[in-house]
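Report on the structure given below.
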Amino acid sequence: MATQHSRSAARIMMAPAVFLLLVWMLVPLSMTLWFSVRSYLPLRGGDQGFVGLENFTRFVTSSAFWPAILTTLIIVGGVLLISIVFGILLAMLLDQPMWGQGVVRILVIAPFFVMPTVSALVWKNMFMDPVNGLFAHLWRFFGADPIVWLSDASVFSIIMIVSWQWLPFATLILLTAIQSLDSEQLEAAEMDGANPLARFAFITLPHLSRAITIVILIQTIFLLAVFAEIFVTTGGAFGTRTLTYLIYQRVLESQNVGLGSAGGVYAIILANIVAIFLMRIVGKNLDR
Amino acid sequence: MGRITLDKVQKAFGEVEVIPPLDLTIEDGEFVVFVGPSGCGKSTLLRLIAGLEDVTGGQIRIDGNDATSVPPAKRGLAMVFQSYALYPHMSVRKNIAFPLRMAKMEQAEQDRRVQAAADVLNLSDYIDRRPGQLSGGQRQRVAIGRAIVREPSAFLFDEPLSNLDAALRHGMRLEISELHKRLDTTMIYVTHDQVEAMTMADKIVVLQAGVIEQVGSPLELYKTPRNLFVAGFIGSPKMNFFHGAEAAKHDAHTIGIRPEHLTVSTTEGTWKGTVGVAEHLGSDTFMHIHPEANPSETITVRVGGEFSATHGDTVFLTPADDNIHRFDADGMRMG
Ligand SMILES: Nc1ncnc2c1ncn2[C@@H]1O[C@H](COP(=O)(O)OP(=O)(O)OP(=O)(O)O)[C@@H](O)[C@H]1O
Ligand SMILES: [Mg+2]
Chain A
126 MATQHSRSAA
136 RIMMAPAVFL
146 LLVWMLVPLS
156 MTLWFSVRSY
166 LPLRGGDQGF
176 VGLENFTRFV
186 TSSAFWPAIL
196 TTLIIVGGVL
206 LISIVFGILL
216 AMLLDQPMWG
226 QGVVRILVIA
236 PFFVMPTVSA
246 LVWKNMFMDP
256 VNGLFAHLWR
266 FFGADPIVWL
276 SDASVFSIIM
286 IVSWQWLPFA
296 TLILLTAIQS
306 LDSEQLEAAE
316 MDGANPLARF
326 AFITLPHLSR
336 AITIVILIQT
346 IFLLAVFAEI
356 FVTTGGAFGT
366 RTLTYLIYQR
376 VLESQNVGLG
386 SAGGVYAIIL
396 ANIVAIFLMR
406 IVGKNLDR
Chain B
974 MGRITLDKVQ
984 KAFGEVEVIP
994 PLDLTIEDGE
1004 FVVFVGPSGC
1014 GKSTLLRLIA
1024 GLEDVTGGQI
1034 RIDGNDATSV
1044 PPAKRGLAMV
1054 FQSYALYPHM
1064 SVRKNIAFPL
1074 RMAKMEQAEQ
1084 DRRVQAAADV
1094 LNLSDYIDRR
1104 PGQLSGGQRQ
1114 RVAIGRAIVR
1124 EPSAFLFDEP
1134 LSNLDAALRH
1144 GMRLEISELH
1154 KRLDTTMIYV
1164 THDQVEAMTM
1174 ADKIVVLQAG
1184 VIEQVGSPLE
1194 LYKTPRNLFV
1204 AGFIGSPKMN
1214 FFHGAEAAKH
1224 DAHTIGIRPE
1234 HLTVSTTEGT
1244 WKGTVGVAEH
1254 LGSDTFMHIH
1264 PEANPSETIT
1274 VRVGGEFSAT
1284 HGDTVFLTPA
1294 DDNIHRFDAD
1304 GMRMG
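Each protein sequence line maps, in turn, to chains A and B. Its first residue numbered 126, the first sequence is counted upward by one per residue in our numbering. Its first residue numbered 974, the second sequence is counted upward by one per residue in our numbering.
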């Protein structure tokens, strides 16, 4: 894209996509902003006019708000931690030459293709069911009382389900990063007297830092919006009500579109804070 | 100390035997160069000595001690890789200090050694830069710096200069030779550059398909190549070979004569021929001559200084008789 001409040509060709994206984003965004300053109760009188910032204050002062934020952060953080730690381990494992490598890699990627609703239902009914679930059988086999996962360890259960879905993504990105590591660097470190642990800490991990930040960035944006997994398992009960779920309840269960929209605006702000924060780290890592 | 002995060392990758049993002794303080065509096993041999590959059979001894199953870090050798293999996220200082840090040396001693290495290699000005911000030659020096701080008993170089341009390569060649003189440490150096091999080595090891064809000083190999392969491999431009009648005159199956041992005249000589391509370098003239007796062949001649001859000219060649190399039917040197 060196010349003036090719640059303007590029702009013209990009225009339709940019336009589509803008409309796609701007229409829902402005509708959310519009409803957030109105009292709109579809089943109780409909649109009752402008109310200023009342929805915003009501949303944050509700007793459900801060717990929801906390739950959101715990779930996002937990899933990130699990998917990155296990992602690195799996990626290193898959990088080893072994028999049936191709098949194993496809199997590892598979969970990513399962729809969230389906995988959550599979986990709920096949693994975590306190009577018929596989875990219950396992616990009973060792003579223990089965855990009632979705009510006693509800947040952890959600983290587990969502991690299972996102682990393949992290593994895939980290695997490509590991494969791009120059093996001579590891050999040089080996000759320099670094044991396997030191080689991991001083060579492999720094090499992966860029891939890790990319995984964090992309996953966080999607994880903030996790919904189906909560909807089909706990329905927001037992302390699993995230910000997204709270908004859903305000709009559809309480039929208060204005209040929900105000929550939506908070969600946008939260996502942006996280995104800016992450961009900074990524920017620092990508600079090198 | 750094006396390295290979005793029937052998290496196979699965079914493929890359290095058949091989014996070699490298004396303390020697500068040994491995040369050979691409894929002949030079790197593999070096990596066996380094411990980065396991031997399939045989024994490697360092200073008389069996090192065959000693891990690479414990062998007291340092290696400089062709790609330099610097750690991209560490500064030059940290790169050089890495082996010392792994050895848990105390900080003051680490700093002293890093500084000393940086001084020797003229790295002080960019000691806080990352490898990505250095030129090829500077990276090369960092790699050497990382090797020398450990004070190893021998250095292993795998084609360290092949990524550099000609001028820089010449400079680094001198620097490495100088370093060898100063440190007086064993160095094993892999290359396929003739000039590097001839100028730097105390001892050249010529390899072909994992087999040692000849071991000797550069001039020994130049003057008395043991067989046709070494004769053709050492020396640039390549030695000219003659078979059949010409060879029979000297009671040999094949005779070889180097381009610099032929005299050229426009009036008289042993062989008559026409000039094909003439390369005028100023200091030398290389001519590719098609002999009249067999015009499809090419004889290369080197004439010192300028020789005015162009395509199609008729010239006469005369070999210097005492510089003719004679080989028997098996390609081995005679007499
Ligand atoms: N890991 C490996 N597995 C199988 N074969 C290998 C392996 N490493 C090297 N080889 C084979 O061993 C032979 C020698 O390789 P090596 O790298 O030692 O050659 P080289 O002399 O260093 O060549 P070059 O001058 O091109 O670097 C080659 O035929 C190569 O294909
Ligand atoms: Mg090689």
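For every residue, glycine included, the Cβ atom is placed at its ideal position computed from N, Cα and C.
Between residue i and residue j, how many whole angstroms is the CB-CB distance? I'm expecting something under 8 Å.
{"i": "T157 (chain A)", "j": "G389 (chain A)", "result": "5 Å"}
{"i": "T1283 (chain B)", "j": "A1251 (chain B)", "result": "6 Å"}
{"i": "T1258 (chain B)", "j": "E1279 (chain B)", "result": "6 Å"}
{"i": "E1219 (chain B)", "j": "F1289 (chain B)", "result": "Contact flag wrong, Cβ pair sits at about 15 Å."}
{"i": "P1310 (chain B)", "j": "L1059 (chain B)", "result": "Examination of residue 1310 (chain B) is not possible in this model, given that chain B is present from 974 through 1308 alone."}
{"i": "M1212 (chain B)", "j": "I1185 (chain B)", "result": "Actually they do not touch by this definition, with Cβ atoms about 20 Å apart."}
{"i": "V1178 (chain B)", "j": "F1007 (chain B)", "result": "5 Å"}
{"i": "K984 (chain B)", "j": "V991 (chain B)", "result": "5 Å"}
{"i": "R324 (chain A)", "j": "L311 (chain A)", "result": "6 Å"}
Closest by CA to residue i, which one among the options?
{"i": "Q1187 (chain B)", "options": "B:G987, B:D996, B:D980", "result": "B:D996"}
{"i": "G1144 (chain B)", "options": "B:G1110, B:T1164, B:I1121, B:Y1060", "result": "B:G1110"}
{"i": "D1307 (chain B)", "options": "B:R1231, B:T1273, B:L1235, B:H1226", "result": "Looking at the sequence shown, residue 1307 (chain B) is not Asp but Met. The shortest C-alpha separation from M1307 (chain B) is found at B:H1226."}
{"i": "D1036 (chain B)", "options": "B:L1129, B:E990, B:P1061, B:L979", "result": "B:L979"}
{"i": "S305 (chain A)", "options": "A:L166, A:A216, A:T128", "result": "A:A216"}
{"i": "V1065 (chain B)", "options": "B:E1265, B:V1274, B:G1030, B:V1122", "result": "B:V1122"}
{"i": "D1101 (chain B)", "options": "B:P1061, B:S1126, B:A1076, B:L1073", "result": "B:P1061"}
{"i": "G1118 (chain B)", "options": "B:R1103, B:D1138, B:S1135, B:R1086", "result": "B:R1086"}
{"i": "L1180 (chain B)", "options": "B:G1012, B:K981, B:H1223", "result": "B:G1012"}
{"i": "S925 (chain B)", "options": "B:L1141, B:S1238, B:H1223, B:F1300", "result": "The first residue shown for chain B is 974 and the last is 1308, placing residue 925 (chain B) beyond what the model contains."}
{"i": "G171 (chain A)", "options": "A:K409, A:Q380, A:Y391", "result": "A:Q380"}
{"i": "S276 (chain A)", "options": "A:T365, A:F181, A:I231", "result": "A:T365"}
{"i": "Q926 (chain B)", "options": "B:I1228, B:G1049, B:D1286, B:P1210", "result": "Past the edges of chain B, shown from 974 to 1308, lies residue 926 (chain B), and the structure says nothing about it."}
{"i": "P1044 (chain B)", "options": "A:V148, A:E315, A:A400", "result": "A:E315"}
{"i": "G1285 (chain B)", "options": "B:G1277, B:P1264, B:D1295", "result": "B:P1264"}
{"i": "S1150 (chain B)", "options": "B:G975, B:A1174, B:E1270", "result": "B:A1174"}
{"i": "L1152 (chain B)", "options": "B:S1256, B:F1202, B:G1002, B:Q983", "result": "B:G1002"}
{"i": "Q1032 (chain B)", "options": "B:A1221, B:A1070, B:I977", "result": "B:I977"}
{"i": "L198 (chain A)", "options": "A:L166, A:L349, A:S282", "result": "A:L349"}
{"i": "V247 (chain A)", "options": "A:S155, A:T358, A:A142", "result": "A:T358"}
{"i": "G477 (chain A)", "options": "B:V1248, B:R1034, B:A1070, B:F986", "result": "Since the first residue shown for chain A is 126 and the last is 413, residue 477 (chain A) is missing from the structure and cannot be characterised."}
{"i": "D1303 (chain B)", "options": "B:L1129, B:L1201, B:M1171", "result": "B:L1201"}
{"i": "G1189 (chain B)", "options": "B:T1197, B:A1182, B:Y1195, B:K1176", "result": "B:K1176"}
{"i": "G212 (chain A)", "options": "A:T196, A:A353, A:R230", "result": "A:R230"}
{"i": "M240 (chain A)", "options": "A:W289, A:L205, A:A400, A:H130", "result": "A:W289"}
Report the three-state DSSP secondary structure of residue i (helix, strand or coil).
{"i": "M1173 (chain B)", "result": "helix"}
{"i": "A1293 (chain B)", "result": "coil"}
{"i": "V210 (chain A)", "result": "helix"}
{"i": "W224 (chain A)", "result": "coil"}
{"i": "Y1162 (chain B)", "result": "strand"}
{"i": "K1154 (chain B)", "result": "helix"}
{"i": "N1038 (chain B)", "result": "strand"}
{"i": "H1062 (chain B)", "result": "coil"}
{"i": "T367 (chain A)", "result": "coil"}
{"i": "L1094 (chain B)", "result": "coil"}
{"i": "G361 (chain A)", "result": "coil"}
{"i": "T978 (chain B)", "result": "strand"}
{"i": "P293 (chain A)", "result": "helix"}
{"i": "Q380 (chain A)", "result": "coil"}
{"i": "Y373 (chain A)", "result": "helix"}
{"i": "M150 (chain A)", "result": "helix"}
{"i": "L178 (chain A)", "result": "coil"}
{"i": "N250 (chain A)", "result": "helix"}
{"i": "D277 (chain A)", "result": "helix"}
{"i": "I137 (chain A)", "result": "helix"}
By the criterion of Cβ-Cβ separation under 7 Å, what are the contact partners of residue i in chain D?
{"i": "F1007 (chain B)", "result": "Among the protein chains in the structure shown, which are A and B, there is no chain D."}
Mind checking whether the beta-carbon of residue i lies closer than 7 Å to any heavy atom of ligand 3?
{"i": "E1132 (chain B)", "result": "This structure simply doesn't include ligand 3; it includes ligand 1 and ligand 2 instead."}
Could you please go through the chain and list the residues whose beta-carbon is closer than 5 Å to any non-hydrogen atom of ligand 1?
B:F986, B:V991, B:S1011, B:G1012, B:C1013, B:G1014, B:K1015, B:S1016, B:T1017
Going along the segment 391–406 of chain A in order, which residues come within less than 9 Å of chain B, judged by CB to CB distance?
none
Can you pull out the residues from the segment 348–361 of chain A whose beta carbon lies closer than 7 Å to at least one beta carbon of chain B?
none
Note down, in chain order, all residues in the segment 311–337 of chain A with a beta-carbon under 9 Å from any beta-carbon belonging to chain B.
L311, E312, A313, A314, E315, M316, D317, G318, A319, N320, A323, F327, I328, P331, H332, S334
Under 7 Å (Cβ pairs) to chain B, residues found in the segment 235–258 of chain A:
none
Residues of the segment 162–177 of chain A with a CB closer than 9 Å to any CB of chain B: list them in chain order, please.
none
Contact residues within the segment 1215–1246 of chain B, judged by C-beta distance below 7 Å to chain A:
none
Below 7 Å between beta carbons is the criterion; list the residues of the segment 1020–1048 of chain B that meet it against any residue of chain A, in chain order.
A1023, L1025, P1045, A1046
Any C-beta of chain A within less than 8 Å: which residues of the segment 1064–1082 of chain B qualify?
F1071, P1072, M1075, A1076
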